[in-house]
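Report on the following structure.
Chains as they are written, first to last, in our numbering: chain A, 3 to 116; chain V, 1210 to 1324.
What follows is the structure in structure tokens.
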């Protein structure tokens, strides 16, 4: 059974710091991995999607890497800003699963202090 | 472009009562999803529609939950009778098609409290 773990559960950093969020999964037979952002009381916003054949994806100050063989992904946020404060969730889609049948971690709650 | 619309945003009901949530996906999106997100956890897929057909409902508690997507556009998720453990946020989402790599767009959710 696929399990997704995110460490740390919460993180507080001063503005301007570079930071790394971690995601691990137990079954390497995945189709893709996605990182989402969730603001309080809101739905999820897709940040980056990495196909199983890819090693990383970048969007602006965000960079996500994938090491399928070790079951790990990281989300790197450069020069953090207070507006980055949110909960970050990673999710994997397993082979044979439907597109929406994503296995989510519990998320990392990020707080960026001015 | 309008996002995924959901209503009601908040609902409080007593256990054993029924409740229905409505979702209007982004225009032109063929695939629609309903997720359940319990506080402190990640979302769990309840049901996925492709147009008006069900693609995946393997995690839908069918004894009390039902969903339909008539005409392949709007969708309704119903819970009857509700249990305390159904207290959660119900997220509707949509994507352009079943294809790999398509971004899933989420609505803001319908918050259900069962007392």
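Quick reminder that beta carbons are idealized off the backbone N, C-alpha and C, glycines included.
Residue i and residue j closer than 9 Å at C-beta
i	j	result
residue 1321 of chain V	residue 1220 of chain V	yes
residue 1214 of chain V	residue 1318 of chain V	no
residue 1291 of chain V	residue 1223 of chain V	yes
residue 1304 of chain V	residue 59 of chain A	no
residue 51 of chain A	residue 1240 of chain V	no
residue 91 of chain A	residue 40 of chain A	yes
For residue j and residue i, the rounded distance between their alpha carbons
i	j	result
residue 1272 of chain V	residue 77 of chain A	39 Å
residue 70 of chain A	residue 1253 of chain V	22 Å
residue 1282 of chain V	residue 1232 of chain V	9 Å
residue 84 of chain A	residue 1225 of chain V	43 Å
residue 14 of chain A	residue 1250 of chain V	20 Å
residue 1256 of chain V	residue 16 of chain A	40 Å
residue 87 of chain A	residue 1235 of chain V	27 Å
residue 190 of chain A	residue 80 of chain A	Summary: the structure shown does not reach residue 190 of chain A, with chain A confined to residues 3 through 116, and so no result is reported for it.
residue 31 of chain A	residue 1266 of chain V	22 Å
residue 110 of chain A	residue 1301 of chain V	22 Å
residue 5 of chain A	residue 24 of chain A	14 Å
residue 1324 of chain V	residue 1229 of chain V	16 Å
9 Å Cβ cutoff, residue i in contact with chain V
i	result
residue 105 of chain A	yes
residue 93 of chain A	yes
residue 51 of chain A	yes
residue 46 of chain A	yes
residue 100 of chain A	yes
residue 108 of chain A	yes
residue 73 of chain A	no
Boundaries of the beta strand (DSSP E) in which residue i is found, first to last residue
i	result
residue 1265 of chain V	1262 to 1265
residue 1298 of chain V	1297 to 1304
residue 1275 of chain V	1274 to 1277
residue 1323 of chain V	1319 to 1323
residue 58 of chain A	58 to 61
residue 75 of chain A	74 to 79
residue 53 of chain A	46 to 53
residue 39 of chain A	32 to 40
residue 29 of chain A	No beta strand (DSSP E) contains residue 29 of chain A, which DSSP labels as neither H nor E.
residue 7 of chain A	6 to 9
residue 1213 of chain V	Per DSSP, residue 1213 of chain V belongs to no beta strand (DSSP E) and is neither H nor E.
residue 1255 of chain V	1253 to 1259
Buried/exposed call for residue i, threshold 16 Cβ in 10 Å
i	result
residue 1299 of chain V	buried
residue 62 of chain A	exposed
residue 9 of chain A	exposed
residue 1288 of chain V	buried
residue 45 of chain A	buried
residue 72 of chain A	exposed
Within-9 Å CB hit, residue i to chain A
i	result
residue 1271 of chain V	no
residue 1282 of chain V	no
residue 1296 of chain V	no
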